[in-house]
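Trainee: FYI, our numbering numbers position 69 of the sequence shown as 69, with every residue one higher than the one before it.
Built from N, CA and C at the ideal position, the CB exists for glycine as well.
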Amino acid sequence: PTFSEPVRRDIRMAGQGPHTEDVVEKEMNTRQRWNRLAPEYLEAILRKEKGDYLRNKLLTPSLVRILGPLDGLRVLDVGCGEGYLARRMARKGARVWAFDWMDILISHAREEEQRSRLGIQYAVADASRRFPCPSALHLVVANMVLKDMPRIQTTVSEAHRVLRRGGRFVLTVLHPCFCMSSSQWQA
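#1: Buried or exposed: His-160, going by 16 or more other Cβ atoms within 10 Å of its Cβ?
#2: Once you ignore the five residues that flank Arg-115 on each side, which residues in its own chain have a CB closer than 8 Å to its CB?
#3: DSSP on Leu-37, reduced to helix/strand/coil?
#4: Using 8 Å for Cβ pairs, my map puts Val-193 next to Ala-127. What's the rounded Cβ distance?
#5: What's the call for Val-75, buried or exposed, on a 16-neighbour Cβ count within 10 Å?
#6: Ends of the beta strand (DSSP E) at Val-145?
#7: Taking Cβ to Cβ, would you say Gly-167 is nearer than 8 Å to Leu-139?
#8: Please report the distance separating the alpha-carbon of Leu-171 from that of Ala-142.
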């Protein structure tokens, strides 16, 4: 899809710091790529029984160990995708807020919430803007999403803003040796 001038203006105005045309262009390219890929991604995740081998056997178990006990914690899942990690954290006793900028992924997450009734609050939102959650959170998680964010500094600033004193910001990123030529990362 192409973006109208009001959307271009919103993208330019989002976040903090300088807003160069390069950043605007990068964000629009990322959004276009995800608009194109989201249905295929969702279908693949569902077809592979809620994930793929690396996510199910390597990334998620390691992340769960790092997160530690979650019972009673207030948690935000930034860029939650279809909500698999938000559901996992809620099942471990966390009170979870979660958001992603892709409507199709949040729609699926909300459908799953209707079935499982875990109390997760989902929103369609952009991580380069004010996070749609309360403050004084114990934990903010950004799992494999920073690679798609042209304004990482805004995301980190927002994570800091919503965390309570002593709260944790846990993030995972793809190791650069696994980046493909289509990646937005620059070494």
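Mentor: Reading from the atomic positions:
#1: exposed
#2: none
#3: helix
#4: Within the shown structure, residues of the chain are numbered from 1 to 187, placing residue 193 beyond reach of any answer.
#5: buried
#6: Neither: Val-145 is in no beta strand (DSSP E) and is coded neither H nor E.
#7: yes
#8: 5 Å
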